[in-house]
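Have a look at the structure below, then the notes.
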Amino acid sequence: MNIRSGLTANLAAHPISRTVVVLFIVLTIYPVLFVLNTSFKSTAEFFVNVWGLPKNVHAINYPKAWLDAHIGEYFLNSSIVVGISVLFIVIFGAMAGYALARLHVPFASGIMFLILSTTMLPSESAIMPLYIMMSRLHMIGELHSLIIPYIGWGLPMTVFIFRSFFRTLPEELLEAARVDGCNETKTFYRITVPLMLPAIATCAIFNFVSFWGELLWGSIALSTSPLKTIPMGVIAFKSQFATDWGPLSAAICLVLIPLVAMFLFVQKYFVQGLTGGAVKG
Numbered sequence: 010m011n012i013r014s015g016l017t018a019n020l021a022a023h024p025i026s027r028t029v030v031v032l033f034i035v036l037t038i039y040p041v042l043f044v045l046n047t048s049f050k051s052t053a054e055f056f057v058n059v060w061g062l063p064k065n066v067h068a069i070n071y072p073k074a075w076l077d078a079h080i081g082e083y084f085l086n087s088s089i090v091v092g093i094s095v096l097f098i099v100i101f102g103a104m105a106g107y108a109l110a111r112l113h114v115p116f117a118s119g120i121m122f123l124i125l126s127t128t129m130l131p132s133e134s135a136i137m138p139l140y141i142m143m144s145r146l147h148m149i150g151e152l153h154s155l156i157i158p159y160i161g162w163g164l165p166m167t168v169f170i171f172r173s174f175f176r177t178l179p180e181e182l183l184e185a186a187r188v189d190g191c192n193e194t195k196t197f198y199r200i201t202v203p204l205m206l207p208a209i210a211t212c213a214i215f216n217f218v219s220f221w222g223e224l225l226w227g228s229i230a231l232s233t234s235p236l237k238t239i240p241m242g243v244i245a246f247k248s249q250f251a252t253d254w255g256p257l258s259a260a261i262c263l264v265l266i267p268l269v270a271m272f273l274f275v276q277k278y279f280v281q282g283l284t285g286g287a288v289k290g
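Start counting the sequence shown at 10; every next residue gets the next number (our numbering).
So this is what it looks like as structure tokens:
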């Protein structure tokens, strides 16, 4: 009776689970489809026909957003900032994670706890002291005023993910490399680096998504600078053009392209990272 009751409950739960998943997908995808649809409308048509398909396709919204609103320039700035930040986060995080997982560092668990404890405080609490410190170092107003804090903010979780991943590697694999004459540096680069693509993909996409749309610190650090990143550019575009919905929606679609492309490119390794070493340890 218990087995039969369990099977009946599972069968009854499947339609409910599927309905919840479908609703979640619709709620997630619909805003993207709405913005994509609006990007091909004129502003006048948007107010007349908000929900319908465009009667006349205004593809000119995209070059207008890219050139007239300088989205291309902001796109380049964000690419430089986020690309450099993610690169250094992955490099430093991988080395720190390997050291804490495999080099028998004293109190490694305590060190990891201290690193993770920095994420317990809201990032807003660090804005004022960070601004004062970087202002005294004359680092405000340039792109590196974003890169350095982004690296610091992205490292704690990245170190944790890499440490969890390295702890899942067989010790025999590393011992074999040491027996063959590899020191710890050669073991790291020759043995572990080729194996950690899932962890790299997981860390890269998490940090990329976090910093590609970061607005608070960017608007503070670059408040007196002509340099702008994508989020600041979209807000300036809205204010400057009095909410021209067609080009504004086109700008948002252009912002989404790198996120979608990156996720599709690393999807295979990203899933492996979530289901493998990135969640163990």
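Don't be surprised by glycine CBs; every beta carbon is placed ideally from N, CA and C.
*Starting from A210, trace the alpha helix (DSSP H) both ways and give me its first and last residue.*
206-221
*asked:* Nearest by alpha-carbon distance to L236: which of H147, L155, N65 is it?
replied: L155
_Alpha-carbon to alpha-carbon, F55 and G255_ = 8 angstroms
*Spatial neighbours of A110 within its chain, please: CB distance less than 7 angstroms, with the 5 preceding and 5 following residues excluded, ordered by chain position.*
Here the set comprises R172, F175, R176.
*Please name the residue in R199, S26, P165 whose C-alpha comes closest to that of I98.*
P165
*Rounded C-beta distance between L182 and I200? I'm assuming under 8 angstroms.*
About 6 angstroms; that satisfies the 8 angstroms criterion.
_So, under 8 angstroms CB-CB, N46 and L62 are touching, yes? Tell me the CB distance rounded to an integer number of Å._
Taking the Cβ atoms as the reference, N46 lies roughly 6 angstroms from L62, within the contact range of under 8 angstroms.
*How many whole angstroms separate the CB atoms of I80 and G242, which I take to be in contact at a CB cut-off of 8 angstroms?*
6 angstroms
_Three-way DSSP call (helix, strand, coil) for M129 in this model_ = coil
*Can you tell me the Cα-Cα spacing of V188 and I141, whole angstroms?*
51 angstroms
*Please confirm whether Y83 and T252 have their CB atoms less than 8 angstroms apart.*
One thing to note: Y83 has its Cβ no nearer than 8 angstroms to the Cβ of T252.
_Using 8 angstroms for Cβ pairs, my map puts A259 next to N70. What's the rounded Cβ distance?_
4 angstroms
*Looking at the structure shown, is V288 part of a helix, part of a strand, or coil, going by DSSP?*
In this prediction, V288 has a pLDDT of 41, which is less than 50 and means its spatial position is unreliable; what the coordinates show is noted afterwards. Note: V288 maps to helix in three-state DSSP.
*Between V41 and F217, which are expected to be in contact by the criterion C-beta below 8 angstroms, what is the C-beta distance as a whole number of angstroms?*
No, V41 and F217 are not in contact; Cβ-Cβ is about 18 angstroms, not under 8 angstroms.
*On the three-state DSSP scale, how would you describe R199?*
helix
*asked:* I need the straight-line Cα distance from V264 to L85, nearest angstrom please.
replied: 11 angstroms
*At a cut of 8 angstroms, does the region 266-273 reach the region 203-219 through at least three beta carbon pairs?*
yes
_Suppose you measure from the CA of R145 to the CA of L139; what does that come to, to the nearest Å?_
10 angstroms
*What do you get for I12, buried or exposed, if any count of 16 or more other CB atoms within 10 angstroms of its CB means buried?*
For I12, the pLDDT reaches just 48, beneath the cut-off of 50, and the residue's location in the model is therefore unreliable, although a value from the coordinates is still provided. Exposed, since its Cβ has fewer than 16 Cβ neighbours within 10 Å.
*With 16 other Cβ atoms within 10 Å as the buried cut-off, status of V291*: Because the chain spans 10 through 290 in this model, residue 291 falls outside it and cannot be assessed.
*Return the Cβ separation of I214 and V168 in integer angstroms, given the expectation that the two are a contact with Cβ distance under 8 angstroms.*
Not really, about 17 angstroms apart at Cβ, beyond 8 angstroms.
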